[in-house]
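Below: the structure, in structure tokens.
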Amino acid sequence: MPRVIHEDVTSNPGAGPDARESFRDSPPASASPTAPAERWLAEHGDILWRFILARTRSPDIAEEIVQETLLAAIQAHATFQGTSSERTWLLGIAAHKVADHFRALRRRAERAPEPPAADASPGAFTIDGMWAKPPKPIESSTAPENAELLAALRHCLNTLPPSQAEAIWLRDLLNIPAAEVCKAMGVTPTNLWSRIHRARAALRLCVEKSVGTSKDGAP
Amino acid sequence: MIGFVREVVRVLRLPCQEHAALFSRQLDEPLPRATAAGLRVHILYCAGCKQFRTQIRRLRDLTRSLGQELNAGESMPAAAKQRVLSHTARSSKKI
Numbered sequence: 672m673p674r675v676i677h678e679d680v681t682s683n684p685g686a687g688p689d690a691r692e693s694f695r696d697s698p699p700a701s702a703s704p705t706a707p708a709e710r711w712l713a714e715h716g717d718i719l720w721r722f723i724l725a726r727t728r729s730p731d732i733a734e735e736i737v738q739e740t741l742l743a744a745i746q747a748h749a750t751f752q753g754t755s756s757e758r759t760w761l762l763g764i765a766a767h768k769v770a771d772h773f774r775a776l777r778r779r780a781e782r783a784p785e786p787p788a789a790d791a792s793p794g795a796f797t798i799d800g801m802w803a804k805p806p807k808p809i810e811s812s813t814a815p816e817n818a819e820l821l822a823a824l825r826h827c828l829n830t831l832p833p834s835q836a837e838a839i840w841l842r843d844l845l846n847i848p849a850a851e852v853c854k855a856m857g858v859t860p861t862n863l864w865s866r867i868h869r870a871r872a873a874l875r876l877c878v879e880k881s882v883g884t885s886k887d888g889a890p
Numbered sequence: 122m123i124g125f126v127r128e129v130v131r132v133l134r135l136p137c138q139e140h141a142a143l144f145s146r147q148l149d150e151p152l153p154r155a156t157a158a159g160l161r162v163h164i165l166y167c168a169g170c171k172q173f174r175t176q177i178r179r180l181r182d183l184t185r186s187l188g189q190e191l192n193a194g195e196s197m198p199a200a201a202k203q204r205v206l207s208h209t210a211r212s213s214k215k216i
């Protein structure tokens, strides 16, 4: 089941090898610079829109970021290697733009830097790296509790620092293969794993805090 | 064989913080056999790491199911697409 999204990415005729092939062909010199943008919007506009809307929750901002993504893609068009699918490439650009948006919001609202990312789960481990607060069960298989977990997860995803959110959205939510995420984000595999691990550890703590405590009777 | 055992022992001696990172990585790709074996032995006696592994597996599945909602979500409104295209055409002239 989790493969559905990725399969959609690769099995969609517009995003498949045919599209990649045509994308590698240089456009005729007389073609309008916005011609590819029209095609990108037709073939990938909906997934870009849903992705950005899910993250920003504002249709106005989503529209703005779709536009920024297309402009950035037009500029980067010539350097696109075709090593990842066109859709992944565009989603990678969109993810950067969303991260920029949140960084700007954070700067404006708090004038605070992105939280230091050295500690994946602050307070979870002792100085020796042993469990200070061992994880508690947050398992739930019943539908209402699942809904509760999903709601908590939605909230917690929005609390991640932009660089971690970008990694976890591309890898875990959109289920894009790690190698393609690395290319789209321009990071090394080690860097990606580290971001993803920090994001998962932070999500775990956040979700545990939101729903897990009631399970073992803690207040 | 000696190399295998050495790696198992190395993994067993790691602090749980490192085990947690390895469990997370294991969600995405298979670890070397000896490293995975070390982790399997470790969770036989470490309830914290065992719970952590269960939790992040569960969370990853939940995260993916959230992602699947994207496929069923709303399409970008046609008017918004039109506005984006005309803005893009205008802005790209300035590039």
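Residue numbers (my numbering), protein chains in the order written: chain V, 672 to 890; chain P, 122 to 216. Every residue gets a Cβ at the ideal spot worked out from N, C-alpha and C, and that includes glycine.
Cutoff 8 Å: residue i Cβ touching any chain P Cβ
{"i": "A849/V", "result": "yes"}
{"i": "I732/V", "result": "no"}
{"i": "Q738/V", "result": "yes"}
{"i": "A836/V", "result": "no"}
{"i": "A855/V", "result": "no"}
{"i": "G794/V", "result": "no"}
{"i": "V769/V", "result": "no"}
{"i": "S701/V", "result": "Confidence in S701/V is poor, its pLDDT being 45 and thus under 50, which makes the residue's placement unreliable; the coordinate value appears in the next sentence. It does not; no Cβ of chain P falls within 8 Å."}
{"i": "N846/V", "result": "yes"}
{"i": "P707/V", "result": "no"}
{"i": "W864/V", "result": "yes"}
{"i": "G763/V", "result": "no"}
{"i": "V878/V", "result": "yes"}
{"i": "L712/V", "result": "yes"}
{"i": "L831/V", "result": "no"}
{"i": "H715/V", "result": "no"}
{"i": "L776/V", "result": "no"}
Whether residue i touches residue j by CB criterion (8 Å)
{"i": "Q738/V", "j": "H208/P", "result": "yes"}
{"i": "H767/V", "j": "A142/P", "result": "no"}
{"i": "S881/V", "j": "H826/V", "result": "yes"}
{"i": "L828/V", "j": "L874/V", "result": "yes"}
{"i": "R185/P", "j": "D717/V", "result": "no"}
{"i": "Q172/P", "j": "P805/V", "result": "yes"}
{"i": "A761/V", "j": "L841/V", "result": "In the sequence as presented, Ala is not what sits at residue 761/V; that position holds Leu. Taking 8 Å as the Cβ cut-off, L761/V and L841/V do not qualify as a contacting pair."}
{"i": "I177/P", "j": "R871/V", "result": "yes"}
{"i": "W711/V", "j": "G169/P", "result": "no"}
{"i": "F125/P", "j": "R174/P", "result": "no"}
{"i": "V852/V", "j": "A838/V", "result": "yes"}
{"i": "V858/V", "j": "A823/V", "result": "no"}
{"i": "R774/V", "j": "P833/V", "result": "yes"}
Any chain V beta carbon closer than 8 Å to residue i
{"i": "T209/P", "result": "yes"}
{"i": "I164/P", "result": "no"}
{"i": "A151/P", "result": "Per the sequence shown, the amino acid found at residue 151/P is Pro instead of Ala. By this cut-off, P151/P is not an interface position."}
{"i": "V130/P", "result": "no"}
{"i": "P136/P", "result": "yes"}
{"i": "R185/P", "result": "yes"}
{"i": "A155/P", "result": "no"}
{"i": "V205/P", "result": "yes"}
{"i": "P133/P", "result": "For the sequence presented, residue 133/P should be read as Leu rather than Pro. Output row for L133/P: interface = no."}
{"i": "L180/P", "result": "yes"}
{"i": "L160/P", "result": "no"}
{"i": "Q147/P", "result": "no"}
{"i": "G188/P", "result": "yes"}
{"i": "F173/P", "result": "yes"}
Identified DSSP bridge partners for residue i
{"i": "W802/V", "result": "F796/V"}
Proximal residues of chain A, C-beta to C-beta of residue i below 9 Å
{"i": "W720/V", "result": "Among the protein chains of the structure shown, namely V and P, there is no chain A."}
Considering only residues of the segment 848-881 of chain V, which uninterrupted alpha helix (DSSP H) runs meet the minimum length of 4 residues and lie entirely inside it, listed in chain order? Here the runs fully enclosed are 849-856.
Any chance the segment 154-169 of chain P sits against the segment 124-140 of chain P, with 3 or more Cβ pairs inside 8 Å? Using a Cβ-Cβ distance cut-off of 8 Å, the segment 154-169 of chain P and the segment 124-140 of chain P are in contact, since at least three pairs of beta carbons, one from each stretch, lie closer than that value.
Stretch-stretch touch, CB-based, cutoff 8 Å, three pairs: the segment 195-209 of chain P with the segment 720-737 of chain V: yes
Whole alpha helix (DSSP H) elements within the segment 154-204 of chain P, 4-residue minimum: 154-166, 168-192
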